[in-house]
Amino acid sequence: MLCCRPKKAPDSPEPPAEEPPPAAAPAPAPVVQKAPPSPPPEAAPAAAETEGVEEPSPGARDRLRESRLRFFREGGICAMSASVQAFDEILQGPLAAYFDASTKIGGDVATHADLVRKAFSVQRSYLEMASTSAAPAAAQLQTLLKPTSDQISAIQQFREKNRASKLFNHLSAISESIPALGWIAVSPTPGPYVKEMNDAGQFYTNRVLKEWKEKDKVHVDWVHGWVQALTALQQFIKQHHTTGLVWAGKQQPTGGAPPPPPPGCPPPPPVLDMSQLNVSNGDASNDRSALFAEINKGADITSGLKKVTADMQTHKNPSLRSGPAPFKAPPGSASGGKAVSAPVSKPPLMAKEGKKWIVEYHKGRKDLVIDQVEMNNVVYMFKCEDCVLTIKGKLNSVVMDSCKKSAVVFDSLVSSVEFVNCQSVQMQVLGTVPTVSVEKTDGCQMYLNEQSVNVEIISSKSSEMNIMIPDQSGDYMEYAVPEQFKTTINPGRKGITTTAVESLG
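Position 300 of the sequence shown, counted from 1, bears residue number 311 in the numbering used here, the numbering being contiguous throughout.
Put into structure tokens, the structure is as follows:
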């Protein structure tokens with residue numbers, strides 16, 4: 012009733028009519044009318060209105076729900092949940108098993124795991140941003156990637172500061188493979204990059220298994236959790252970000268100017284004036300009359316031709332032969348194609364990038380040496396000519412690509428040595444090598460020793476391949492790798508049989 016009272020006070024004509032009577036004593040009673048400007052009367056209607064909104068009709072509730080869903084869809088929330096939810100499954104699955112095992116092991120491993128947890132948290136935030144934003148500019152991308160880079164560096168620095176730790180193999184396994192989180196900056200093959208990083212840490216995870224397999228099963232669970240987490244990350248990338256991180260949003264990242272509008276279409280060609288094509292009937296009739304007149308001349312039609320005299324004939328006037336030949340094509344037009352540019356000469360390089368040694372564009376260098384290799388290192392030799400590379404120590408693999416008249420000498424390899432697109436190359440192993448691969452190479456001499464006679468040699472599209480094996484006296488015996496093969500169809504058409512054809516020369 013109080014809310015009705017202030018509304019009637021200004022509208023009612025009765026209070027002004029009662030003011031003239033001399034009854035001044037009752038005047039203090041209307042002091043209650045000061046309530047209208049006070050807050051309570053206004054608050055009461057607001058509360059009443061709020062109570063009325065709490066019970067919307069079913070149709071209003073449906074419209075409100077639909078508007079919210081439309082807002083989320085337009086904002087890219089659905090795209091975010093599809094990718095981030097799959098990433099959360101990794102965090103809650105194999106990665107959680109790794110964290111649990113790290114906590115049980117304790118010490119440096121637990122501290123290291125806390126840094127890994129922060130790194131994956133940063134990556135999750137990055138994926139959330141990518142699901143609601145468009146691809147940023149290159150300059151802005153470096154700034155956005157910095158938190159991930161800092162976390163990876165912190166994990167690797169922790170390993171370097173704790174080299175005396177009894178669990179150094181655990182720290183090294185994580186530090187060698189944690190760069191897998193950098194897949195967000197890799198294109199177009201981020202999945203294989205993660206696998207490469209997973210393999211890089213396998214050397215240390217194998218050490219952990221070898222040391223703790225019979226002592227404590229928690230360490231085995233720790234290895235399985237971490238390896239399965241990176242494997243799951245690779246599958247996640249294959250499903251959601253096959254060729255690179257997907258920026259699923261529609262809005263450009265803040266802080267940059269929008270791109271200029273695309274150029275307009277070229278102007279249309281000028282309209283052809285059809286009046287220029289009109290030919291008068293008189294001109295057409297005159298041309299036809301002249302043509303028929305020429306035809307009706309009969310044999311006299313050749314009377315207007317110019318005769319060729321003897322001095323104009325080359326077989327009767329030899330002096331004409333010394334002149335320029337008519338209709339001769341200009342010298343530069345014979346080829347009909349563009350001139351082939353000379354190959355660009357690049358400066359020689361020998362540098363280490365991560366776990367890969369790069370040796371490229373060297374010529375005439377017989378003194379190339381790499382003597383600081385680790386078990387997980389790879390040496391890549393590219394477009395070297397007339398060079399000899401010596402590698403001291405045991406490493407993972409060696410690749411020679413597009414090299415000519417070059418050789419490589421190494422101690423031992425964990426994986427293989429490969430020759431691709433090479434000409435006249437040689438290799439010598441001083442220790443052991445499991446596999447030698449030769450592809451699209453003409454001329455390959457392979458010098459083995461007593462420790463490497465169990466090597467497997469795989470060749471394809473190659474020629475002039477020879478295997479040099481030492482005998483008991485130390486001299487090398489040369490065996491040619493077959494280049495020619497004979498294939499026959501088995502009886503009853505049940506498959507085929509291929510055998511090497513030995514050279515009779």
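Ideal placement from N, C-alpha and C gives every residue a C-beta, glycine not left out.
What you are looking at is a predicted structure, and each value in this text was computed from that prediction instead of being measured.
{"Asked": "THR498 in three-state terms, based on DSSP", "Found": "strand"}
{"Asked": "Residue ranges of each alpha helix (DSSP H) within the segment 175-210, 4 or longer", "Found": "179-188"}
{"Asked": "Buried versus exposed call for VAL2 [16 or more other C-beta atoms within 10 Å across all chains shown]", "Found": "Here the chain comprises residues numbered 12 to 516, so residue 2 is not present and cannot be evaluated."}
{"Asked": "Counterpart residues of PRO481 in DSSP-defined beta bridges", "Found": "TYR487"}
{"Asked": "Test item: CB-CB of ALA141 and ALA243 under 8 angstroms", "Found": "no"}
{"Asked": "DSSP three-state assignment for TYR372, whether helix, strand or coil", "Found": "coil"}
{"Asked": "Beta-carbon spacing of LEU155, SER94 below 8 angstroms", "Found": "no"}
{"Asked": "Residue from LYS317, LEU360, VAL409, GLN103 with nearest C-alpha to PRO445", "Found": "VAL409"}
{"Asked": "Bounding residues of the alpha helix (DSSP H) (the contiguous stretch that carries SER164)", "Found": "149-172"}
{"Asked": "Among ILE185, LYS394, ILE402, ILE163, nearest to ASP378 - alpha-carbon criterion", "Found": "ILE402"}
{"Asked": "Euclidean distance between Cα positions of TYR372 and ASP422", "Found": "24 angstroms"}
{"Asked": "Where ASN465 falls, given that 16 or more other Cβ within 10 Å makes a residue buried", "Found": "exposed"}
{"Asked": "Distance between LYS129 and LEU102 (C-alpha atoms, nearest Å)", "Found": "12 angstroms"}
{"Asked": "ASP453 - partner residues in DSSP beta bridges", "Found": "GLN434, SER474"}
{"Asked": "For LYS261, three-class secondary structure by DSSP", "Found": "coil"}
{"Asked": "Coarse secondary structure for ALA511, derived from DSSP in three states", "Found": "strand"}
{"Asked": "Among ALA211, SER417, THR114, the one whose alpha carbon lies nearest that of MET438", "Found": "SER417"}
{"Asked": "Span of the beta strand (DSSP E) around SER408", "Found": "408-412"}
{"Asked": "Backbone secondary structure at GLY404 - three-state DSSP", "Found": "strand"}
{"Asked": "Whole-angstrom C-beta distance between GLU461 and PRO481, which should lie under 8 angstroms", "Found": "7 angstroms"}
{"Asked": "DSSP bridge partner residues for SER426 (one or two, in chain order)", "Found": "Answer is none; SER426 lacks a bridge partner."}
{"Asked": "DSSP state of GLN439 mapped onto helix, strand, coil", "Found": "strand"}
{"Asked": "Integer Cβ distance of ALA240 from PRO105, believed to fall under 8 angstroms", "Found": "4 angstroms"}
{"Asked": "Assumed close pair LEU406, VAL380 - CB separation to whole angstroms, cut-off 8 angstroms", "Found": "Contact doesn't hold; Cβ gap of about 14 angstroms is too wide."}
{"Asked": "For ALA362, three-class secondary structure by DSSP", "Found": "strand"}
{"Asked": "THR216 burial status per 10 Å Cβ neighbour count (16 or more: buried)", "Found": "buried"}
{"Asked": "Burial state of VAL219 (16 or more Cβ within 10 Å)", "Found": "buried"}
{"Asked": "Where the beta strand (DSSP E) through VAL390 begins and ends", "Found": "389-393"}
{"Asked": "Residue range of the alpha helix (DSSP H) that includes LEU316", "Found": "Careful: LEU316 lies outside any alpha helix (DSSP H) and carries neither H nor E."}
{"Asked": "As assigned by DSSP and simplified to three states, the class of LYS415", "Found": "strand"}
{"Asked": "ILE166 classed as buried or exposed, judged by whether at least 16 other C-beta atoms fall within 10 angstroms", "Found": "buried"}
{"Asked": "Whole-Å CB distance - GLY255 paired with PRO199, under 8 angstroms assumed", "Found": "6 angstroms"}
{"Asked": "Among MET457, SER448, HIS230, the one whose alpha carbon lies nearest that of LEU9", "Found": "This structure cannot speak to residue 9, because the chain is shown only from 12 to 516."}
{"Asked": "Inter-residue Cα distance where the pair is GLY404 and SER474", "Found": "30 angstroms"}
{"Asked": "Coil, strand or helix - LYS367 by DSSP", "Found": "strand"}
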